[in-house]
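This report concerns only the one structure given below.
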Amino acid sequence: MRRGERFVLVGPSGAGKTTLLRAIAGFGDLVEGGIEISGRDVTGVPTEKRNAVYMHQSPVLFPHLSVFENVAFPLRVRRTPASEIASRVGNSLDAMRLTGLAARIPRTLSGGQRHRVALARAIVARPDLLLLDEPLAGLDPALKSEVREAVREAHGQYGPAFVLVTHDFADAALIADRIGVLIDGQLAQVATPSELFARPASLRVARFLAVANEIPGHADGAGGFRSALGTLGGVCDGLPSGPALAVFRPAGVRIGGNNGFPGRVSAIRVRPEHTTMMMSTVVGPMEVALPASFEGPSKGDELTMSLDPRQVVVFPLDARE
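With the working numbering, letter number 65 in the sequence shown gets 250, and the count goes up by one each step, no holes.
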């Protein structure tokens, strides 16, 4: 990781995300390998001496203590002078937009405020590394948005590097500078959100990211991909001739265009950010994303579609990694 980076680990359940996070925190012994934080080998260093803070997905606050005392707790454990505690707690509360709530106790706070108190406590000691284990899991959309913004604010105020674990790529993309995709205990790809969207490194990564559309076909050895829909040029550069699979997101399908292929609308799903059409084609179902304001097709309509080659990624059909 880079200093001050927002790094998010994503992966399916059981991939090892939380195990890796806990290993960084020092909860348990490593079988092999090592861990460095800020250039210091901390493999055998006790958790409390790593200057890393681990925050569980559900904020655990002391119910009998005020917001101020909850945030001040790690500083009191370190025997920080009282004047410095007052200053640093005040700064952390300001950073988390909790000014005016210092005297409140946790049960009087909203869910979003409790998450902000937990984050204020996590950053008050100014750790080198902040470890967040599924902080957005199980939250309703409004609270998730609030906590997501709080995480970004916590980073923006003091700039500690942080590792956040989530199974939701959409959440990761809204938070991360870079994302690591963990599959079966292995980092399958590390890239920016836009790079992952545009160029998943493997078929397994593409499928985890729910690319949605797959077309079996053949790489012609000259950069083209041939399938029952026709030939798409310039998408297989570097691939030898042989069976291949083209994958692309719903946004990679256009209505109309040159070298089009037919499809029939089988379903329409309207969402706040876009409209999704399910199409029946000669190669099977295909998902198409349109702007939310798009009006026109109805279920059963026949349409001509085309693929944007810039959004198509082709893998050898026997690709496993």
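All C-beta atoms, glycine included, are put in the ideal place defined by N, C-alpha and C.
| Item | Value |
| --- | --- |
| Three-state class that DSSP yields for aspartate 214 in the structure shown | coil |
| Euclidean distance between Cα positions of arginine 495 and phenylalanine 382 | 12 Å |
| Three-way DSSP call (helix, strand, coil) for arginine 434 in this model | coil |
| Entirely enclosed alpha helix (DSSP H) segments - the stretch 441-482, minimum 4 residues | none |
| 8 Å contact criterion, which proline 435 and alanine 397 should meet: CB distance rounded | 6 Å |
| CA nearest to the CA of aspartate 214, picked from Thr204, Ser223, Ile222 | Thr204 |
| Histidine 241 CB to nearest heavy atom of the ligand GDP below 8 Å | The ligand GDP is not part of this structure, which contains no ligands at all. |
| Inter-stretch contact (C-beta, 8 Å, three-pair minimum) for the stretch 318-337 and the stretch 287-307 | yes |
| Beta-bridge partners of methionine 281, as assigned by DSSP | Paired residue(s): none; methionine 281 is not in a bridge. |
| Cβ-based neighbour list, glycine 370, same chain, cut-off 6 Å, excluding 5 preceding and 5 following | Gly201 |
| Phenylalanine 247 - DSSP class collapsed to helix/strand/coil | coil |
| Nearest candidate by alpha-carbon position, reference cysteine 421, set Gly323, Gly408, Ala431 | Gly408 |
| Threonine 416 - partner residues in DSSP beta bridges | Arg411 |
| With 16 other Cβ atoms within 10 Å as the buried cut-off, status of glutamate 506 | Interpretation of glutamate 506 is limited by its pLDDT of 44, a score under 50 that renders its predicted location unreliable; the figure taken from the coordinates is listed afterwards. The residue is exposed, with fewer than 16 neighbouring Cβ atoms inside 10 Å. |
| Nearest-angstrom Cα separation, counted from valine 245 out to arginine 292 | 12 Å |
| Contact between the stretch 401-416 and the stretch 382-391 (3+ Cβ pairs under 8 Å) | no |
| For threonine 489, the residue or residues it bridges with in DSSP | Pro447 |
| Alpha-carbon to alpha-carbon, alanine 413 and glycine 218 | 48 Å |
| Enclosing beta strand (DSSP E) for glycine 402 [first to last residue] | 398-404 |
| Residues that DSSP places opposite valine 350 in a beta bridge | Leu194, Asp318 |
| Integer Cβ distance of alanine 395 from valine 499, believed to fall under 8 Å | With 8 Å as the limit, alanine 395 and valine 499 do not qualify as a contact, their Cβ atoms being about 18 Å apart. |
| Secondary structure of valine 497, DSSP reduced to three states | strand |
| Inter-residue CB distance, leucine 206 and leucine 316 (contact presumed, cutoff 8 Å) | 5 Å |
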